[in-house]
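Asks: Attaching a single structure in structure tokens format; questions to follow.
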Amino acid sequence: MAKGRELKGRIKSVENTRKITRTMEMVATSKMKRAQDRVVAARPYARALGEVIASLYSPELAERFPLLRQPEREGRAAVILLTSNRGLAGAFNANLIKEVRTLLAKLDAVGTQVELHVVGKKGVGYFGYIGRALAATRTDLTDRPSAADAASLVDGLIERFTAGALDAVYVVGSRFNSVLSTPPTADRILPVTPPSATGAQKDYLLYPSAETILTELLPSYVRNAVYRALVETAAAEQAARRTAMKSATDNAGEMLNLLRRTYNRARQAQITQEIAEIVGGASALQG
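Every position in the sequence shown, counted from 1, becomes a number in this note's numbering once 217 is added.
The following block contains the structure:
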């Protein structure tokens, strides 16, 4: 029964694979919930920071702050791409790379000189494979990014933008809307576009002046934009991995059912053949 032994071997192999994918699904689910908590926790601060800047902003003040400088054209731009260090996350990294390629094509079409900064082994590996020069790479960030990580990514670019060496900075990552909705996005974080003020304007008593406060808040606003991109992309990665591993587990289950049915039919056919041979042999002896 060589076919039967082969089927039993395949069944055992698929069972082992299903155990692995099921474990990875459970781990990704746990990590996704923690990452989702970080996303939710980051939103109130970002919203409050945006509201304060919107209330303090005025066109007169804008002329005094380099981070609010709106260039006539984007001659030089930096793009930060956020990808993962690990795979087995479905089309997560492929979608991010597609998004950044679209952005790069748009910038190239208008003559913008672009430097690409890539976070994550998957993005670094892809652009290394196609031979694209990278301005900077980071593969040391974990799936629990911190505000310090965001600052280390963008502080140098803030300084260069302030000095006039850059006209724009973009971040490409994933927006975590829900477990099933994590679209790739490309957001311009420099120059800062103050959020529109909503509702009745609050009359703040300011000390020190609005100018002094904005001097401190604007860099924090940019760093926070990068931090939010990091935590939302990390949550989206775990959601994608959970979905991919659940799909793999379900597919393994379907394959197991098919292999077991095939094995049972083969075994039944063998038993039937053996019975027929025994009956035939007995009949021959009696005859």
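C-beta atoms are modelled at their ideal positions from N, C-alpha and C, and glycine is treated no differently. In this text the structure is predicted, and so the values were computed from the model without any measurement.
List the whole-angstrom C-beta distance separating Y343 from I314, where the pair is believed to meet the contact cut-off of C-beta under 8 Å.
Replies: On the sequence shown, residue 343 is found 126 positions in, with the first residue counted as 1. On the sequence shown, residue 314 is found 97 positions in, with the first residue counted as 1. Indeed they touch by this definition, with Cβ atoms about 6 Å apart.
Asks: Use the C-beta contact count for S464: other C-beta atoms within 10 angstroms, 16 or more gives buried, fewer gives exposed.
Replies: Taking the sequence shown and counting its residues from 1, one reaches residue 464 at position 247. By the neighbour-count rule (16 or more Cβ atoms within 10 Å), S464 is not buried but exposed.
Asks: Exposed or buried, which one is Q287 when buried takes at least 16 other CB atoms within 10 Å?
Replies: Counting from one through the sequence shown, the residue named residue 287 turns up at place 70. Q287 comes out exposed.
Asks: If I measure Cβ to Cβ from L266 and keep anything under 8 Å in the same chain, skipping five residues before and after, which residues do I get?
Replies: Numbered from its first residue, the sequence shown carries residue 266 at position 49. L434, S437, Y438, N441.
Asks: Return yes when the Cβ of L351 is within less than 7 Å of the Cβ of L333, no when it is not.
Replies: Translated into the one-based positions of the sequence shown, residue 333 becomes position 116. Translated into the one-based positions of the sequence shown, residue 351 becomes position 134. Yes. Within cutoff.
Asks: Taking the Cβ atom as the reference point for each residue, do A295 and L374 lie within a distance shorter than 7 Å?
Replies: For the purposes of this step, residue 295 is taken as the residue at position 78 of the sequence shown. For the purposes of this step, residue 374 is taken as the residue at position 157 of the sequence shown. Result yes, Cβ atoms of A295 and L374 sit closer than 7 Å.
Asks: Under a three-way DSSP split, which group does Q287 fall into?
Replies: Position 70 of the sequence shown, counted from the start, is the residue given in the question as residue 287. Q287 falls in the coil class under three-state DSSP.
Asks: Tell me whether G390 sits in a helix, a strand or coil according to DSSP, three-state version.
Replies: Taking the first residue of the sequence shown as 1, we reach residue 390 at position 173. G390: strand per DSSP, three-state reduction.
Asks: In angstroms with no decimal places, state the Cα-to-Cα distance between Q330 and R377.
Replies: Position 113 of the sequence shown holds residue 330. Position 160 of the sequence shown holds residue 377. Roughly 15 Å between the two C-alpha positions.
Asks: When DSSP labels each residue in this structure, what does A353 get in the three-state scheme?
Replies: In the sequence shown, counting from the first residue as 1, residue 353 sits at position 136. Strand at A353.
Asks: Does the beta-carbon of A508 have 16 or more other beta-carbons within 10 angstroms, so that it is buried, or is it exposed?
Replies: Absent from the model: residue 508. The displayed extent of the chain is 218 to 504, so no value can be given.
Asks: Which word fits S395, buried or exposed, when buried means at least 16 other C-beta atoms lie within 10 angstroms of its C-beta?
Replies: What you label residue 395 is simply residue 178 of the sequence shown in a count that begins at 1. Exposed, since its Cβ has fewer than 16 Cβ neighbours within 10 Å.
Asks: Bridge partners of S395, per DSSP?
Replies: Sequence index remark: in the sequence shown, residue 395 carries index 178 (1-based). Note: S395 sits in a beta bridge opposite S398.
Asks: Return the first residue and the last residue of the alpha helix (DSSP H) that L299 is part of.
Replies: One-based indexing of the sequence shown puts residue 299 at position 82. Not the alpha helix (DSSP H): L299 falls in the beta strand (DSSP E), residues 293-299.
Asks: Could you compute how far the alpha carbon of L321 sits from the alpha carbon of K220?
Replies: Here the question's residue 321 lines up with position 104 in the sequence shown. Here the question's residue 220 lines up with position 3 in the sequence shown. So the two alpha carbons sit approximately 54 Å from each other.
Asks: Whole angstroms is fine: what's the gap from A368's alpha carbon to Q253's?
Replies: Residue mapping note: residue 368 aligns to position 151 of the sequence shown, counting from 1. Residue mapping note: residue 253 aligns to position 36 of the sequence shown, counting from 1. One C-alpha to the other measures close to 21 Å.
Asks: Is DSSP giving E280 helix, strand or coil here?
Replies: Translated into the one-based positions of the sequence shown, residue 280 becomes position 63. Correct three-state label for E280: coil.
Asks: Does the Cβ of K248 have 16 or more other Cβ atoms within 10 Å, making it buried, or fewer, making it exposed?
Replies: Taking the first residue of the sequence shown as position 1, residue 248 is located at position 31. Answer is buried; the Cβ neighbour count reaches 16.
Asks: Enumerate in chain order the residues of its own chain whose CB-to-CB distance from G390 is below 6 Å, with the five nearest sequence positions on each side excluded.
Replies: Stepping through the sequence shown from its first residue, residue 390 is reached at position 173. So the list reads L299, A446, T450, once near-sequence residues are dropped.
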